[in-house]
Amino acid sequence: MLLIHCPYCDETLPEAEFAYAGEAHIARPADPMATSDEEWRDYLFIRTNARGPHYERWRHVHGCGRFFNALRDTVSDRFLMTYKAGVPRPDLPATEDAQ
Amino acid sequence: MTRFSAMSLLKNALTGQKGWREQWPDSQPRAEYDVVIVGAGGHGLGAAYYLAKEHGITNVAVIDKGWLGGGNTGRNTTIIRSNYLYDESARLYDHAVDLWEGLSQELNYNVMYSKRGVMMLAHNVHDIHSFQRHIHANRLNGVDNAWLTPGEAKVFCPPLNISPKARYPVLGAALQMRAGTARHDAVAWGYARAAAARGVDIIQNCPVTAIRRGPDGAVTGVETARGFIRAKKVAVSAAGHTSVLMDSAGLRMPLESYPLQALVSEPVKPCFPCVVMSNTVHAYISQSDKGELVIGSGTDQYTSYSQRGGLPLIEHTVAAICEVFPIFNRMRMLRKWGGIVDVTPDRSPILGKLPVPGLYVNCGWGTGGFKATPGAGHLLAWTVAKDAPHPINAPFTLERFTTGRLIDEAAAAAVAH
Amino acid sequence: MQVTVEELAPVARFSLRVRDKGVAAVGKALGLTLPGRIGERADRGDLAVLCLGPDEWLLTAPEEARAGIVADLAGIYARAPHSLTDISHREVGFRISGPAAATLLSMGCPRDLDRLAPGRGVRTLFDSASVILWRDGPDMFRMDVWRSFAPHVRSLLEIGQQELAAGL
Amino acid sequence: MSRYRIPGKGRVDHAAPVRFSFDGRSYMGLRGDTVASALLANGVHLMGRSFKYHRPRGAVTAGSEEPNALIGTSRGKGRAEPNTRATMQELRAGLVAESQNRWPGLGFDAGAVNDLLYPLFSAGFYYKTFMWPRAFWDRLYEPVIRAAAGLGRAPGEPDPDRYASRYLHADLLVVGAGPAGLAAARAAARAGLRVTLVDEHAEMGGALLSDPGVVIEGRPAWDWLAAVLEELRGLGVRLMCRTTAIGYYHQNMIGLCERLTDHLDSPPETAPRERLWRVRAARVVLAQGAIEKPLVFDGNDRPGVMLAGAAQTYLHRFGVLVGRRAAVVTAHDSAYFAAFDLADAGVRIAVLVDTRDAPPADLLDQARRRGIEVLAGHSVTATAGRLRIRSVRVNRVRDGQVAGGRAIACDCLLMSGGWTPSLHLFSHTKGSLIWDAAAQTYLPGETIEDCHVAGAGRGLWGYGAVLADGDAAGVAAASALGRAAAGAAPAVAHDRTGSGEAQRELPSDMAPSLARAFVDFQNDVTAKDIRLAVREGMKSIEHVKRYTTTGMATDQGKLSNINGLMIAADMLGKAPPQVGLTTFRPPYTPTTFGALAGYHRGSHFELTRKTPIDAWAEERGAVFEPVAQWRRAWYFPRPGEDMEAAVARECLATRASVGIFDASTLGKIEVAGPDAVEFMNRMYTNPWSKLAPGRTRYGLLLGEDGFIRDDGVIGRLADDLFHVTTTTGGAARVLTMMEDYLQTEWPDLRVWLTSTTEHWAVAALNGPNARKVLEPLVEGLDISNDAFPHMSVTECRVAGIPARLFRLSFTGELGFEINVPARHGPDLWRALMAAGAAHDICPYGTETMHVLRAEKGFIIVGQDTDGTVTPADAGLGWAIGKAKPDFVGKRSLSRPDMVAPGRKQLVGLLTEDGAVRLEEGAQIVDDPARPLPMRMVGHVTSSYRSATLGRSIAMALIENGHSRMGELVHVPMPGRTHRARITGTAFYDPDGARMKL
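Chains as they are written, first to last, in this note's numbering: chain A, 1 to 99; chain B, 100 to 516; chain C, 517 to 684; chain D, 685 to 1681.
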């Protein structure tokens, strides 16, 4: 069971209170009807599936209820950082090599 | 290759087992191959074997970052079945079962394919409807799958708890007799030995770091830890690691890799004659020929390559087993392990050509890859050899995610309201 | 080890949702300052306000105060748009008290209760049920559970009490 | 007192005899004994049979790593378990123990015939045979193989015991209460940390319990131990015996399994048998010590052959002599101390064989003083004896040359191949292991967890070193958490240090093919098998392990892994690290399923949600069906009625007069805020801007993939307030989906969502007389058709209860849904029943609801749709706001395959023979004459007998169904094929007049 820091509660809490919500920073196109089938497929289905640091979303569902973003190393499962929804995608911490 | 026979066994028994030779050589990579297969699991080794045997293509290398059969092939609960709903899936998996049936003889290697029957439990009205739909579709597709009453299910699997008072009472079951299990390692070893005997190079502990393409966009070979290997055709059969590899070829995949856990109990005398699956309570169980109860768990909720997996999932899985089989409550878990499964949006595999000339993929099997091993290998070999999909794997394209023709077995078993 | 579990009498419960400038206005209408940090609580007489999320508060008050609260906040809606939803009947409250209260809760709550100071409250988990856990004192907790989850939670707590009684 | 027990010696209670039985024979042991120590005290070494060859075996260890002495234990009905370690199971009054994997008996076991066939049963044997003729595998070979499998017998009855679990949070968790663990816990606790110290044994102390002669801080080991435990208790340290750390999970979560009652004569009725602890510790110290390695030589598995350290433990902890005339063979100094202690206790040491040419002089000196003959540079090449060792064959070895041997009589043989640091939990963290060439063993390397290995676990030897290391680990943990801590490395006198050399198989003059030198005792894997596996191309230890099954027995390779690795490496001519090490997998020792399941058994496996009306329905004899987590009244049979009769009656009564239905489980979401209508426009397919307050509308929700996810009637209570209803199973999913879009895509919208599902109890009143029943109960509201038309909503009082009143119909009849606060649900229900009595009001369940809606052609999401159905497919195109620029899922509806011909579309289906009810899930074909596989064009989604229409009705998804009205299709069933005609889905009152009465 992971330990996750909720950026809204500002507490580090057990995974049991959280729900994973998929890759982060995949914004819904502003005008979906203007997208091509390929662009729409990318939005719906294509995922980075990074081996190493992975930008992803979690929800503190049994807590403050907020969706937020996290950067987690999918090899070690370590959280490198978590940040509030809407915050622009931060760069990789220099220390982390991207596998 | 020393052929296994009653005679060779006896001879070796009398000569202190001295006669056995290497089952496959641990090859060094050559500069060029006609076909490079990335991933020496059952699927990849099978593809190499069928390329050599059925298509006469023997200048083939199977390359793995670790030891052959060390991935999901050796980390699953070995359930084999083909009672899928959609025509496409039913044909795909039934093709595999056809090959399973003669595989030991085909490979001269006992893969211990055990047709002990797979029974899927229905716990509510919705399950019943869903199973009936499967059974009717299977019947018209020529796939065996029969409905059992709770009493019949209990006769087929005595440890089953069919009390109507259970939190999830057993209201019936769907049984595929032709389904069962096999010895997972033996499948990889058997294919490796038979492929090597036909001239295939098996290159272990040699991570493939990138797929290279020429100016015309076509595949030119693979970069590996032991240097560049030239090949006009590259087939990637690397399960959870497919996304990373494809990325190097400029292809982004509709895949996510999740940790999948499984566990075994201490070995006990035979007490469990078949395979039982309950998708509603998430319990998957059989007993190995060694006596261990082999139990499948679910995937953790987050993507991961750590092969660790959490305790809560194991707790839930074991609770589910004890709910359906209360007599196992005092049994003990001996060991649990984790694999990495690659899952597509519709939970069906992608098996075929890719937009990149000379590049082929076999991935997205999720938690169900082992059962398809011979079929996947066979169809991948066909697709590579003919540079065109076999009719059976033709629907399992990458394009379906653009056009919307998904093959979604799980959605078809939608939740009741 | 001693611990008692009792079901509490019904109270008026509201889910209050408001943000930005509205927060101060709503607080004013309620006659207190809405606590700004998740887990913090403010009281005014029988009215307790617990901050559950960045724009979410739980109000509890005696049932007879319900109409008053609704009227007070309706009055400022135009100035301070918000959502005030009556959830009085959605939840059932339990009080868990005694020296072994925290131990009993540890059978289902994954949080480190040593870090939940008296006077605070949070939404968390008990077994499979989402609950709101108030710590009213060192050995006194309150747990709000959705109505249909309450029998399950209650029954688990009873099993836990029996374990403690057996001394194992 | 038996002749193997030393009066007054050990930590057992000599004043408290305990009677137990083994294989039907009654024995006497002492309180504090394990089954193994008690049997040994009675001179019994033979405790089990091996897996493959059924060779007689005795206890080889005194701990949880025991591979041989596995027994069945039981105490009364339902309380039996196989494969219990006799070396760990404490004696309790009346314990019934049985040996395993033998027939007819332990002494004479027919299965032992396998032992004679060993030349045939080599590693990988199974893969090479049983293939001819093909058919024999299923019918003959596999059944025979399976029948021979397994050790103990699985339990046959449900388990009456309880199991528990808790979460625990600590600053420091120390695993292992030997000297290192005790020192670590003490240092950290003195610095004020929240410390938990666990040990798998019945009491704490670890190696100290077997070395009472050591003096620590001026006190004999056992006095020091008592004092430290006292101090730890005083410092508030949580001390947990009989507690095994089973696994090390992410971010310092460790699973513990505590055995609470198996050692008790008569446990309290309500006490749990075991408890699973989920510990989250800021820091972890692993002080699990080291496990002694067996030596590998022919006959090293005979009963009476035992690890030297185990013999020392039986002597000191239990006052038990494992024999009277002991031989010792060792590659490590530690066995000398075992020999000395046994000698001092009166055991005749027949010989001490040291594989090393030059053992330490002081040890030789001490041996000489005790009159022990030490044969340095010697090897053991064989043992003799059937059910118990009788003699050992000893050979001199000079520069690889093995001289002829001589047999030396003995009744037990103590062996030591050195020690393996116990790194199982460390490697659960994916921590790296580093090969120490000098010590020929793996030591802990790097790990990402906040974890520290202390003591023998990292290769240290001798009490002084281990205690100092533990103390340092405690200090380090404290300072890591910002607590100043003063170290106090304990002074040690009479320390026992030492070293040794690593061996493969011991040198032998025997033909290798004949040697039965066991590496994995339980699985009967010999050195020869491992060499064969390598010869056959198994070049990684993972392959060797899987091919030979070495290390896969219930001890998980605790005894065999390193020996197996050394032999494989030798065969490959590589250094062990090049061959690898099989990963240790949780749990550390086998863990009871019940403990993992914890409270989640029977009714607690998963909770069952019940509505406020549930009790009333139960009273009324309702039959229930599970829907998602809820249980819902399915139908209300009257005496003598079956389901079909009851449902027919409920349907007719509702259509004829009035029926009442508990709709409380429907999901309800309050959507409130100035931007509520904009939010609804974006989420649902329908247009909402023009829906006036006080009006309701059927809402359709898609996934972004364009497929139907959920539906429900939605009422607009005010400009900025919607009362959304969802399907019962969809409630949580829909709210999550809404929150997701709201929080991450449209955070600018001023709208808030609140689940009110459980705030409201809902009674649905349907039928031509519904208004007559309701009218008298409604206060201050005209509910006539003109004042309160179909699809209206308002707030009012019903039966004196504040209510939200909907006028809508899921049955096709005049209908109302009355929402009242949940606690008032039963009052409302009773009031309606009373008011309805005059109209023969009929309570109905979900089945009748399904039939009534099907007669009207209303779909049920999840039954008539299955996650692959678009609004157009379902004939719900009308529910799409054509003018809206966007809503969730809109874009996907124009993907090529979503508009391509041949999609399956929802239609009605009427069998030619109205008496035939099609099966739900039945498949539909155009030409039933075709051979298999037959082309299927669709399937039946809903099918009922309609009492109202006096015939069966069905709905189906059929390719191009909407353009095939009136066509005949075929439904092949086993036995016969039914013919049915494609129709519209509205079978009853198609123009909907009855809803608008």
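Heads up, the beta-carbon is just placed ideally off N, CA and C, and yes, glycines get one too.
As the structure is a prediction and not an experimental result, all values here were calculated from the model.
Determine the direct distance from the alpha carbon of residue j to that of residue i, and round the result to whole angstroms.
i	j	result
D1395/D	G463/B	31 Å
V647/C	V638/C	8 Å
T1065/D	N936/D	46 Å
I1398/D	A309/B	54 Å
V693/D	D883/D	According to the sequence provided, residue 693/D is Lys. The question's Val does not apply to it. The straight-line gap from Cα to Cα measures roughly 23 Å.
T1039/D	R967/D	41 Å
E96/A	T443/B	A caution first: E96/A carries a pLDDT of 46, below 50, which makes its placement in the model unreliable, though a value can still be read off. C-alpha separation (whole angstroms): 28 Å.
P1555/D	K1588/D	11 Å
L730/D	G756/D	15 Å
A348/B	A330/B	14 Å
A195/B	R1400/D	55 Å
G676/C	R922/D	19 Å
H516/B	M1533/D	Only weak support is given to the placement of H516/B: the predicted model assigns it a pLDDT of 42, under 50, and the value that follows is read from those uncertain coordinates. Answer to the nearest angstrom: the Cα atoms are 12 Å apart.
Are residue i and residue j close, meaning C-beta to C-beta below 8 Å?
i	j	result
Q1313/D	S1106/D	no
A85/A	Q1427/D	yes
G1089/D	D982/D	no
R663/C	A1506/D	yes
V343/B	V333/B	no
E1596/D	R1491/D	no
D588/C	L546/C	yes
C1480/D	G1499/D	no
V374/B	I234/B	no
D399/B	P353/B	no
Under 9 Å Cβ-Cβ, which residues of chain A neighbour residue i?
i	result
F91/B	With chain B running from 100 to 516 in the structure shown, residue 91/B is simply not present.
Between residue i and chain F, is any beta-carbon pair separated by less than 8 Å?
i	result
A85/A	Among the chains of the structure shown, chain F does not appear; the protein chains present are A, B, C and D.
Under 8 Å Cβ-Cβ, which residues of chain A neighbour residue i?
i	result
R533/C	Per Cβ cutoff of 8 Å: no residues; R533/C is ~10 Å from chain A at best.
I675/C	Residues of chain A passing the Cβ test: none, with the nearest at roughly 20 Å.
For residue i, tell me which candidate among the options has the shortest Cα-Cα distance.
i	options	result
F1024/D	V969/D, R1001/D, V1058/D	V1058/D
C64/A	T576/C, L575/C, G569/C	G569/C
M1367/D	F809/D, E1388/D, L1280/D, P1377/D	E1388/D
K214/B	K1540/D, E914/D, L824/D	L824/D
G1509/D	A1301/D, D1049/D, D1550/D, S1647/D	A1301/D
R533/C	V521/C, E523/C, G552/C, V527/C	G552/C
Going along chain B, which residues have a C-beta under 7 Å from residue i?
i	result
E1290/D	R266
Residue i: beta carbon under 7 Å from a heavy atom of the ligand SAH?
i	result
V1037/D	Although the ligand SAH was asked about, the structure shown includes no ligands whatsoever.
Which residues in chain D have a C-beta closer than 7 Å to the C-beta of residue i? List them in chain order.
i	result
Q116/B	S806, L1216
Whose Cβ in chain A lies nearer than 7 Å to the Cβ of residue i?
i	result
S403/B	T74, D77
Practice problem: Any chance you could list the beta strand (DSSP E) runs of at least 3 consecutive residues sitting entirely within the segment 1554-1587 of chain D, in chain order? | Solution: Restricted to the segment 1554-1587 of chain D, not a single beta strand (DSSP E) segment is unbroken, complete and at least 3 residues in length.
Practice problem: Please specify which runs of the beta strand (DSSP E), each continuous and at least 3 residues long, are wholly inside the segment 885-970 of chain D, giving them in chain order. | Solution: Counting only runs of 3 or more, we get 922-924, 927-933, 937-943, 956-970.
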